[in-house]
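Remarks on the structure that follows.
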Amino acid sequence: MQELSPRQKDVYQFIDKYQCRTGYPPTYAEISAEFEFQIGMVQQVMDALVRKGVAEKIPFTSRSIRLLKSDFSLRANAAVIPLYGQVMAGQPAFADDNIVDYVYMTKTRKSSSQLFALKVKGDSMKDAGFLEGDTVIVKKQSAADNGDIVIALLDDEATVKTLRKKRNTIFLEPANKKYKPITGKPFTILGKVIELRRSLT
Numbered sequence: 003m004q005e006l007s008p009r010q011k012d013v014y015q016f017i018d019k020y021q022c023r024t025g026y027p028p029t030y031a032e033i034s035a036e037f038e039f040q041i042g043m044v045q046q047v048m049d050a051l052v053r054k055g056v057a058e059k060i061p062f063t064s065r066s067i068r069l070l071k072s073d074f075s076l077r078a079n080a081a082v083i084p085l086y087g088q089v090m091a092g093q094p095a096f097a098d099d100n101i102v103d104y105v106y107m108t109k110t111r112k113s114s115s116q117l118f119a120l121k122v123k124g125d126s127m128k129d130a131g132f133l134e135g136d137t138v139i140v141k142k143q144s145a146a147d148n149g150d151i152v153i154a155l156l157d158d159e160a161t162v163k164t165l166r167k168k169r170n171t172i173f174l175e176p177a178n179k180k181y182k183p184i185t186g187k188p189f190t191i192l193g194k195v196i197e198l199r200r201s202l203t
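Going from the sequence shown to our numbering is simple: count from 1 and add 2.
Printed below as a string of structure tokens:
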């Protein structure tokens, strides 16, 4: 397979993510709108992808693109989980506008609509194995048990912390001695962390 140019790679990745999310490939018009290309440019890029052996065109259909080297076939039976760039107060907690990517996991009996993903920021949970840039898979829920690792909305921003309950007090505890437990501040539980992922690249 010949190496793809940056533009060809961008279009290829867009098609791959689009069909993983929707179950079918985008039209030329949708690719044109995404990249602000003229239709003629989309056709040139697609011709190059076909020529380089990573795609083929299916005639007589508006969604005529088929990727040959895609992970889509492997992901077809996977749950598609939205990865949010940020979750902030003052707006819908899980607004589509904040989705920056998608992650995939084996389908379970749990509905994937109740799951979301976030990137870990900072080092406040490093002693629990949560490092900057890690991805956490989270089950949406508004309550959790003592000791659960949760995503909480605190000071208008989502944070990963351990939920602690002592006597009549509920607070958030970091896993780094540099930081103190967060007490006396209101927060909202958005979900419970059920999986941690780390990229090796």
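Note that CB positions come from ideal geometry on N, CA and C, so glycine has one too. Remember, it's a predicted structure, so these values are computed and weren't measured experimentally.
Margin query: For the ligand NAP, is there any heavy atom lying closer than 6 Å to the beta carbon of Q45?
Written below: Because no ligand of any kind appears in the structure shown, any question about the ligand NAP cannot be addressed here.
Next item on the list: Measure the C-alpha to C-alpha separation of S115 and N148 and round it to an integer number of angstroms.
Entry: 25 Å
Check: How far does the alpha helix (DSSP H) with G193 in it reach, from first residue to last?
Finding: Here G193 belongs to no alpha helix (DSSP H); instead the beta strand (DSSP E) covers T190 to R199.
Item checked: T164 - containing beta strand (DSSP E), residue span -> Counting along the chain, the beta strand (DSSP E) containing T164 begins and ends at E159 to K168.
Item checked: Coarse secondary structure for L51, derived from DSSP in three states -> helix
Notebook entry, point to check: Cα-Cα, which of E197, F39, T24 and K182 is closest to K121?
Noted result: When only C-alpha atoms are compared, the closest one is E197.
Check: Taking C-beta to C-beta, are L155 and K163 nearer than 7 Å?
Finding: Not closer than 7 Å, so no.
Checklist line | Cβ separation of L192 and K142, assumed to be a contact under 8 Å, to the nearest whole Å | finding: 7 Å
Check: Buried or exposed: where does Y20 fall if 16 or more other Cβ atoms within 10 Å of its Cβ makes it buried?
Finding: buried
Margin query: Since S64 and T24 should fall inside the 8 Å C-beta cutoff, what is the C-beta to C-beta distance between them, to a whole number of angstroms?
Written below: Contact between S64 and T24 is absent: CB atoms are separated by about 14 Å, not below the 8 Å threshold.
Notebook entry, point to check: With respect to the alpha helix (DSSP H) encompassing A35, which residues constitute its N-terminal and C-terminal limits?
Noted result: Y30 to F37
Next item on the list: On a CA-only basis, which of I139, L165, Q10 and F16 is nearest V47? Give me that one, please.
Entry: Q10
Next item on the list: Rank T190, F39, G87 and Q15 by C-alpha distance to the C-alpha of A57 and give the top, closest one.
Entry: Q15
Note to self: Here's the rule: buried if 16 or more other CB atoms are within 10 angstroms of the residue's CB, otherwise exposed. What is P188?
What the structure shows: With fewer than 16 Cβ atoms within 10 Å of its Cβ, P188 is classed as exposed.
Next item on the list: Go ahead and pull the three-state DSSP assignment for Y14.
Entry: Y14: helix per DSSP, three-state reduction.
Item checked: Residue from E5, T190 and G131 with nearest C-alpha to A146 -> Ranking the options by Cα distance to A146, first place goes to T190.
Note to self: Once DSSP output is grouped into helix, strand and coil, what is the label at Y20?
What the structure shows: helix
Check: Does the distance from the CB of V195 to the CB of V138 come in under 7 Å?
Finding: yes
Notebook entry, point to check: Residues in its own chain within less than 8 Å of I41 by CB, not counting five upstream and five downstream?
Noted result: Closer than 8 Å at Cβ, skipping near neighbours: Y30, A31 and S34.
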